[in-house]
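Everything in the sequence shown is counted per UniProt numbering, starting at 1 for the first residue and increasing by one.
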Amino acid sequence: MNSFVNKPTGVFPSVCSLDCPDQCGLLVHKQDGKMVKIQGDPNHPVTKGNICNKVRNMTERIYDPKRLKYPMKRTGAKGEGKFEPISWDEAIETIAAKWKELIQTDGPESILPYSFYGNMGRLSAEGMDRRFFHRLGASLLDRSICSSAGSEGLKYTMGGGFGIDPEDTIHSKLIIFWGINAVSTNMHQVVLAQKARKNGAKIIVIDVHKNQTGQFADWFIPILPGTDAALALGMMHILFAENMVDNDFLQQYTVGHEELREHVVQYDPITVSGITGVPVEDIYKLARMYGQITPSFIRIGNGLQHHDNGGMCIRTIACLPALTGQWLVKGGGAIKSNSSYLALNTKNLQRPDLLQNKHTRIINMNLLGQALLELNPPIKSLFVYGTNPAVVAPDSNKVRKGLAREDLFVVVHDLFLTETAKYADIVLPATSSFENTDLYTSYWHHYVQIQQPVIERYGESKSNVEVFQLLAKKMGFEDQCLYETEEEMISQALDNPNNPYLEGIDYETLVKKQYVKANVKPLLPGKLPTPSGKIELYSRKMEQDGYPPLPTYTPLVNDGDFPFLFVPGPNHNFLNTTFSNNEKHISFEKEPRLHMNIKDALSKGIMDGDQVRVWNNRGECVLKVSVGENVLPGVVVTQGLWAHSPGTKHLVNSLTPDRVADMGNGATFFSGRVDVEKL
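Listed below in structure tokens is the structure:
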């Protein structure tokens, strides 16, 4: 094993583990065994030495005195945060004894793992943990909080997570950032867009909030939340009506273009303007720019799919590049996700064959509050890792009420005593990504990367792989795959005969080179993994699955009689709750604010800088208001998941619905409604 831990001083290769499309190559500077500085790796072909503020200040997080050093057990009330140190032996013994008892009395499905990609390492997020819980027979978690609605929608159109190579976007002449605050969440796409702009490209941003990306644009188009599919259909109406479509491309590479042409007649600019809040002349201008400028590229954002209609929205926007034949032009096309190019052998990695009961119940992670309070038979134990549901999960007040159940045995494995960990019976200290061996695949660029341990373990912390191996041993499981090394797991994951793009990429090559580009060919000409092998503008599969077969706008679900649509987007210096407990990152971000249109503020007697109460029937927040023109009337936006410390009411997800989206059981964070009043 090639580890850098035993080299106390020097500069060592690394990779960023954050849940971010850029997945930067890093260089870690060490002195006397400690990490003293992190910089971007200038040789990385995509990220080229540029890194964000979050990562530049990562050493503060790794050596934060608040970081957990040893296992602990709860001594106070749930949520109070009172614990005492215990040994690893006692911690593992306590968990295993409790689970053996629960399996006897309530069956293995009374135990639920709850995790997400707080660390994007594939072994940390979906390796030994999945193997262990499959073998245990625990309830299965549908991990659909982030991108599942959009992934499903994209699959109907394109057959999977396929887009253009981001490196080619320097050739684009029109770049549309649609529903993505890329300055904060995909900075290297912004760097590439800047290069394209120097070569004459125009940059358009379509969003509900004029955030940093909106300010970076040549033209910012504000839109009402959840109406993006209508705008895309209005563009299609004009593209067909004014004969700006590529008929040869449509004939050769798509199915359903005749049906689509007829279908979009109803989405005339006046109708679409009434739905979206985008002026009629702007709809014409946007469609004509898109129809006349080539190559054109759309960066489709994550936020769009966090609506009731999120899957259909992504499916609809993904149809646009086909209308003008952009997929055949270098720098033309779209990216929502490129994850299918780097698809691993998940059967090898996760070993679903270990699950004996093929009818084991599946619990949607977006419905955690409901699941903890209403499910029958009940969940009796929760094991949380790689996420912080007390702040991140929708309808958080319900989630916290569930976590506070006295009969719920909760274990949390994390780097810090998070808001969720305060409800735990046992807390286990986790290693950071810099202390582990792991495999990384971006969902935006085409590079596979490896992380080898760079620094010593912090305190007594252990990796996910180790923790689940210790639990497997204590539970008496003998399956060999529960005791394999990280190297073996990485080799198995990369061995995927169904994915030709990974050919020639193996563990040894990664150790030698640190990152390797997948063998990605242009998408077309070629056969797509859709039922027809083509881009499906009309989808029979959607029809069979009970959806409209053509791209369609459906309004948001009625969320109660509240005057404002509420969008809690990401901020610049936290990633979900990662960094939100770190003094330095808090000082960068300052404080949570609610952005409100000046017309709405005047009608409510609210001035810029006032404290306001934001509320609905799920909960309430108290935030400082920023009044201006950054959002449309009827919309309020806040940024960042702020720690909910005593005396503050910053828990924005206490206001968000826990309904699921139209596809993929996705989250609907951005489809809630609220009222706002001056305090």
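Idealized CB from N, CA, C, for every residue including glycine.
Based on Cα-Cα distance, which residue from S3, G25, G118 and A138 lies nearest to D106? It is A138 whose Cα lies nearest to the Cα of D106.
Could you check if N247 is buried or exposed, using at least 16 other CB atoms within 10 Å of its CB as the buried criterion? Counting every other CB atom within 10 Å of its CB across the protein chains shown gives N247 a total below 16, marking it as exposed.
For F133, which option in P113, C146 and Y117 has the closest C-alpha, if you only look at C-alpha atoms? The residue from P113, C146 and Y117 with its alpha-carbon nearest to that of F133 is P113.
In this structure, how does DSSP classify V183 when only helix, strand and coil are distinguished? Note: V183 maps to helix in three-state DSSP.
Could you tell me whether the stretch 651-669 touches the stretch 364-379, where touching means 3 or more Cβ pairs closer than 8 Å? Judged by Cβ distances under 8 Å, the stretch 651-669 makes contact with the stretch 364-379, as three or more pairs qualify.
Mapping DSSP to helix, strand and coil, what is H595? In the structure shown, H595 sits in a strand (DSSP, three-state: E or B).
By the three-class DSSP mapping on this structure, what secondary structure does Y114 have? Correct three-state label for Y114: strand.
Could you check whether Y385 and R67 sit closer than 8 Å to each other, using their CB atoms as the reference points? R67 is not a Cβ neighbour of Y385, given a cutoff of 8 Å.
Could you pull the start and end residues of the alpha helix (DSSP H) that D207 belongs to? Here D207 belongs to no alpha helix (DSSP H); instead the beta strand (DSSP E) covers K202 to D207.
Given this structure, state the Cα-to-Cα distance separating K173 from A196, to the nearest angstrom. Rounded to whole angstroms, K173 to A196 spans 7 Å at the Cα level.
Looking at L471: is its Cβ nearer than 8 Å to the Cβ of P225? Against a cut-off of 8 Å, the Cβ pair of P225 and L471 comes out as no contact.
Let me know the secondary structure DSSP gives L233 once reduced to three states. Look at L233 here: in three-state DSSP terms it is helix.
Can you give the Cα-Cα distance for K78 and E126, rounded to whole angstroms? K78 and E126: Cα-Cα distance of roughly 28 Å.
Would the stretch 496-511 count as touching the stretch 336-347 if we require 3 or more Cβ pairs under 8 Å? Touching, yes, given that three or more Cβ pairs across the two stretches are closer than 8 Å.
On the DSSP bridge assignment, give the partners of W615 in chain order. For W615, which the question treats as bridged, DSSP gives the partners E620 and D675.
Pairwise C-alpha distance: N665 and G234: Going from the Cα of G234 to the Cα of N665 covers about 27 Å.
Delimiting residues of the beta strand (DSSP E) encompassing H44: Premise fails: H44 is in no beta strand (DSSP E) and is neither H nor E.
Would DSSP call M607 helix, strand or coil? Under the three-state reduction of DSSP, M607 is assigned to coil, being neither helix nor strand.
Burial state of Q639, where buried means 16 or more other Cβ atoms lie within 10 Å: Q639 should be labelled buried.
So which of V631, G619, H29 and N616 has the shortest CA-CA distance to A601? It is V631 whose Cα lies nearest to the Cα of A601.
DSSP state of N653 mapped onto helix, strand, coil: In the structure shown, the three-state DSSP call for N653 is helix.
Figure out for me which residue from E460, V36 and S124 has the closest Cα to the Cα of L18. Comparing Cα-Cα distances from L18 to each of E460, V36 and S124, the minimum goes to S124.
Is it buried or exposed, F669, if we count other Cβ atoms within 10 angstroms and call 16 or more buried? So F669 ends up on the buried side.
Give the single residue among N43, Q492, N6 and C20 whose Cα lies nearest to the Cα of M35. Considering only alpha carbons, the answer is N6.
Assess, as a yes-or-no matter, whether the stretch 244-263 is touched by the stretch 319-328 under the definition of 3 or more beta carbon pairs within less than 8 Å. In short, these stretches touch, since the Cβ pair count reaches three.
Which value, in whole angstroms, describes the spacing of the CA atoms of P394 and I314? Distance between the alpha carbons of P394 and I314: 21 Å.
Spatial neighbours of E84 within its chain, please: C-beta separation below 8 Å, excluding the five flanking residues on both sides. Once the five neighbours on either side are set aside, the close Cβ partners of E84 are M72, K73 and T75.
Tell me the residue span of the alpha helix (DSSP H) that contains S587. Taken as a continuous stretch (DSSP letters only), the alpha helix (DSSP H) holding S587 covers E583 to E589.
Using 8 Å for Cβ pairs, my map puts A96 next to K474. What's the rounded Cβ distance? That belief holds up - the Cβ atoms of A96 and K474 are roughly 4 Å apart, short of 8 Å.
In three-state DSSP terms, what is H188? Residue state, collapsed to three classes: helix.
Nearest to G628 by alpha carbon, out of N617, S603 and K599? Per the Cα distances, K599.
Take residue 680 as the anchor and find which of L140, S148, P548 and D479 has the nearest alpha-carbon. Any property of residue 680 remains undetermined from this structure, which presents the chain solely from 1 to 679.
Closer than 7 Å by C-beta to S148: which residues in its own chain qualify, once you throw out the five before and the five after it? Chain order, please. These residues qualify, in order along the chain: G664, N665 and G666.
Suppose you measure from the CA of W327 to the CA of M158; what does that come to, to the nearest Å? If you draw a straight line from the Cα of W327 to the Cα of M158, it is about 11 Å long.
Per DSSP, which residues does G25 bridge with? Please list them. Answer is V15.
Using 8 Å as the threshold, is the C-beta distance between R130 and Q292 below it? No, these two residues do not count as a Cβ contact at 8 Å.
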